[in-house]
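Trainee: I am attaching a structure below and will ask some questions about it afterwards.
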Amino acid sequence: MTPLWRSTVTRDELAALFDPIQHSNVECDGFSRIVFSVLTERGHKPILKAGALSARGAIVRPHLWIEVYGFMIDYQARRWLGHEPWIPHGVFRASETEAIYEGVTIEVKVLPEPIRRLMLMSFADVESESQSRLITPEIIR
Numbered sequence: 001m002t003p004l005w006r007s008t009v010t011r012d013e014l015a016a017l018f019d020p021i022q023h024s025n026v027e028c029d030g031f032s033r034i035v036f037s038v039l040t041e042r043g044h045k046p047i048l049k050a051g052a053l054s055a056r057g058a059i060v061r062p063h064l065w066i067e068v069y070g071f072m073i074d075y076q077a078r079r080w081l082g083h084e085p086w087i088p089h090g091v092f093r094a095s096e097t098e099a100i101y102e103g104v105t106i107e108v109k110v111l112p113e114p115i116r117r118l119m120l121m122s123f124a125d126v127e128s129e130s131q132s133r134l135i136t137p138e139i140i141r
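First residue of the sequence shown? That's 1 in UniProt numbering, and the numbers climb one at a time after it.
In structure tokens, the structure reads:
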């Protein structure tokens with residue numbers, strides 16, 4: 001049986017895009033908005049979901065994640081539920097995890113690249129960049 005969706009990007013390609021930023025100090029809402037924006041700019045049709053994530057009796061609500069081509073993208077679940085092997089992380093299919101995602105689609109606009117870059121910076125990065133005048137003082141205020 002042919003799936004209703006056809007993947008035009010592989011798990012490895014998605015992971016290559018987002019694994020490098022997985023340790024950013026951005027929570028699920030910001031991380032999901034960044035993923036949504038990058039994928040949308042590359043011509044994909046990601047779905048941003050908001051709702052709850054539960055695993056073995058633990059629950060996180062609200063929680064945001066991305067769905068695209070049958071994959072789920074969630075790099076922030078372990079921030080709240082711990083680093084146990086049954087807590088999903090990265091790019092995966094719903095059938096590959098015992099965690100339960102329940103949510104609704106939310107509509108958002110693409111975040112401009114300078115905003116995404118700023119979101120991914122640490123405070124030390126912001127100080128360094130502002131001192132070298134790469135970020136205008138108006139953005140930092």
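Beta carbons: idealized from backbone N, C-alpha and C, even for Gly.
This one's a predicted model, so the numbers in the text were calculated from it and none came from an experiment.
Determine which residues share a DSSP beta bridge with residue 72 and list them.
Mentor: 67 and 92
Trainee: Between 119, 117, 110 and 116, which has its C-alpha nearest residue 41's C-alpha?
Mentor: 110
Trainee: Specify the secondary structure class of residue 50 as computed by DSSP and reduced to three states.
Mentor: In the structure shown, residue 50 sits in a strand (DSSP, three-state: E or B).
Trainee: I'd like to check one pair, residue 99 with residue 80: are the Cβ atoms closer than 9 angstroms?
Mentor: no
Trainee: Would you mind sorting residue 143 into buried or exposed? The rule is 16 or more other CB atoms within 10 Å of its CB.
Mentor: For residue 143 there is no data in the structure shown, the boundaries of the chain being 1 and 141.
Trainee: Below 8 angstroms, can you find three or more Cβ-Cβ pairs linking the segment 7-14 to the segment 53-61?
Mentor: No, the segment 7-14 is not in contact with the segment 53-61.
Trainee: The alpha helix (DSSP H) spanning residue 115 covers which residue range?
Mentor: 113-120
Trainee: What do you get for residue 139, buried or exposed, if any count of 16 or more other CB atoms within 10 angstroms of its CB means buried?
Mentor: A caution first: residue 139 carries a pLDDT of 37, below 50, which makes its placement in the model unreliable, though a value can still be read off. By the 10 Å Cβ count, residue 139 comes out exposed.
Trainee: Among 73, 117 and 96, which has the Cα closest to the Cα of residue 49?
Mentor: It is 73 whose Cα lies nearest to the Cα of residue 49.
Trainee: Apply the 10 Å Cβ neighbour rule to residue 94 and answer buried if 16 or more other Cβ atoms are within range, or exposed otherwise.
Mentor: With fewer than 16 Cβ atoms within 10 Å of its Cβ, residue 94 is classed as exposed.
Trainee: Report the option in 20, 24 and 33 whose CA atom is closest to the CA atom of residue 106.
Mentor: 33
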